[in-house]
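Keeping their order, the protein sequence lines are chains X and Z. At position 17 of the first sequence the residue is numbered 17 (my numbering), and the sequence of numbers has no breaks. Position in the second sequence (first residue = 1) + 246 = my numbering. Virtual Cβ for every residue (Gly too), placed ideally from N, Cα, C.
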Amino acid sequence: MHQIESLRDTLLATPLFAVALTLAAYLLGMGIFRHLGQPTWLPAILIAALLLAALLALSGIPYPEYREGATWLTILLGPATVALGMPLYQQLPRIRELWRPLVVSLPLAASLAILYALGIAWLMGASQPILASLAAKSVTAPIAIGITQQLGGSIALLMGGLLVTGVAAIAFVSLLARWMKIKDERIIGFALGLNGHAIGTVRAFEISPTAGAFASLGMSLTGIFTALLLPLAWRLVGAIGMSVTS
Amino acid sequence: MPAVGGFLWLVGFWLVGETVVTLTGLPVSAGVVGMLLLSATLMVRGGVPESLAAAAQPLIALLAMLIMPGVVGVFFILDEMAGYWMAILSALIVGTLLSVATTLWLMQRLMQGYHAPD
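As structure tokens, this is what we get:
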């Protein structure tokens with residue numbers, strides 16, 4: 001009995017245990033996702049996260065300890081975010097061709113995506129840390145994590161928000177496009193990427209390569225626009241709020 | 247191993263991004279600065295080097311796995327957020343409905359006259 005306990009402690013002491021748990025949950029989650037016929041309402045990442053949570057609960061590993069070990073994986077998010085510069089470069093011809101509609105619609109739609117959510121949460125009495133965690137809800141995860149750290153929000157809540165937003169965006173784009181009689185796959189794709197980040201973009205690639213390309217475009221431009229302006233705007237609003245109350 | 251050279255590009259650009267953020271105090275993450283600098287460099291260079299593609303593609307494909315340790319955290323704050331779930335879910339769901347409607351409406355108006363090239 002004593003031996004088993006000390007073995008458990010030894011395994012828990014190495015970060016490779018957290019790495020193995022993450023890889024296993026990821027592969028298993030992807031397998032289940034394919035087995036279920038890739039349902040859009042249940043993203044693979046949610047299945048994998050549920051499995052991982054179950055594994056952690058069963059093995060009795062406290063979440064902070066796991067997260068500490070998983071840093072060995074999550075540190076790769078930095079270079080992975082930089083890597084998004086490659087598809088961004090490949091989209092330049094499309095950006096050049098459509099710069100006029102993009103320059104108007106992107107700042108408006110991306111700002112309103114934030115303001116609608118914050119407005120509703122604020123009206124319903126959400127606290128400031130919750131607002132900070134929800135603000136980047138339409139931004140692709142690697143960029144959204146950086147933004148939320150700047151705003152001082154909770155990464156965990158942000159991640160939940162990203163999942164809900166992605167799935168909701170898929171449902172609403174298909175519903176509203178039908179209702180508004182929009183058939184242009186470029187518009188449908190762009191709306192999926194702008195509002196539903198990576199989850200919406202995956203869905204757009206299932207519709208057609210054109211929809212997918214425009215979803216990637218919407219996703220990357222929303223990410224950059226929000227990353228450059230939201231933390232700055234947050235600081236300004238905070239400063240105004242401070243001077244009004246003092 | 248061309249991917250090693252490509253990975254060095256990515257890590258190098260991240261470090262440059264971190265340097266820029268630290269020196270300027272800009273409220274932007276090092277990854278986003280590195281991403282923009284990488285795009286700009288590729289524009290000047292006029293193409294994607296093979297080694298960079300060999301490192302960037304698998305990393306982008308693995309993004310879902312890299313964010314999993316963060317995603318799973320949401321199950322451990324469920325109690326903390328009790329009492330706020332209605333506000334959070336309404337903000338996410340109704341907010342997304344409104345922003346999808348806005349995007350579709352704006353693009354429908356602005357894309358008139360931009361016919362698909364094919």
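Check, Outcome
"Contact between the region 264-271 of chain Z and the region 310-318 of chain Z is defined here as three or more beta-carbon pairs at a separation below 8 Å; is this criterion met?", "no"
"With a threshold of 8 Å, are at least 3 pairs of Cβ atoms found where one atom belongs to the region 218-229 of chain X and the other to the region 108-119 of chain X?", "yes"
"Which chain X residues are close to P335 (chain Z), counting only those with a beta carbon under 9 Å from its beta carbon?", "The displayed chain sequence assigns Leu, not Pro, to residue 335 (chain Z). V164, listed in chain order."
"Mind reading off the beta-carbon distance from P108 (chain X) to A141 (chain X)? Whole number of angstroms is fine, and I expect it under 8 Å.", "Sequence check: residue 108 (chain X) is Leu here, not Pro. Actually they do not touch by this definition, with Cβ atoms about 23 Å apart."
"Using a C-beta cutoff of 8 Å, does T40 (chain X) count as contacting chain Z?", "no"
"Could you check whether the region 168-179 of chain X touches the region 340-351 of chain Z, counting it as contact only if at least three pairs of C-beta atoms, one from each stretch, sit closer than 8 Å?", "yes"
"Name the residue from X:T226, X:A233 and X:G241 whose alpha carbon lies nearest to the alpha carbon of V278 (chain Z).", "X:T226"
"Give the list of continuous alpha helix (DSSP H) stretches no shorter than 4 residues that lie fully inside the region 110-153 of chain X.", "128-134 and 141-151"
"Just the Cα atoms here: how many angstroms apart are W337 (chain Z) and P248 (chain Z)?", "One detail in the question is off: residue 337 (chain Z) reads as Ala in this sequence, not Trp. Cα to Cα, A337 (chain Z) sits roughly 45 Å from P248 (chain Z)."
"Kindly confirm or deny that the region 77-89 of chain X and the region 191-205 of chain X touch, where touching means at least three C-beta pairs closer than 8 Å.", "no"
"Since F172 (chain X) meets chain Z, which of its residues come closer than 7 Å, beta carbon to beta carbon?", "T342, L343 and V346"
"Give every residue of the same chain whose Cβ lies closer than 8 Å to the Cβ of Y330 (chain Z), excluding the five residues on either side of it in the sequence, and list them in chain order.", "none"
"Flag V237 (chain X) as yes if its beta-carbon sits less than 8 Å from any beta-carbon of chain Z, otherwise no.", "no"
"So with CB distances below 7 Å, who are the chain X contacts of S366 (chain Z)?", "In the structure as shown, chain Z begins at 247 and stops at 364. Residue 366 (chain Z) is therefore absent and cannot be evaluated."
"Quick one: list the residues of chain X neighbouring W260 (chain Z), beta-carbon separation under 9 Å, in chain order.", "G78, P79, T81 and V82"
"Just checking, does the region 251-258 of chain Z make contact with the region 297-304 of chain Z on the three C-beta pairs under 8 Å criterion?", "yes"
"Between the region 268-281 of chain Z and chain X, which residues of the former have CB atoms less than 8 Å from a CB of the latter, in chain order?", "P273, V274, S275, A276, G277, V278, G280 and M281"
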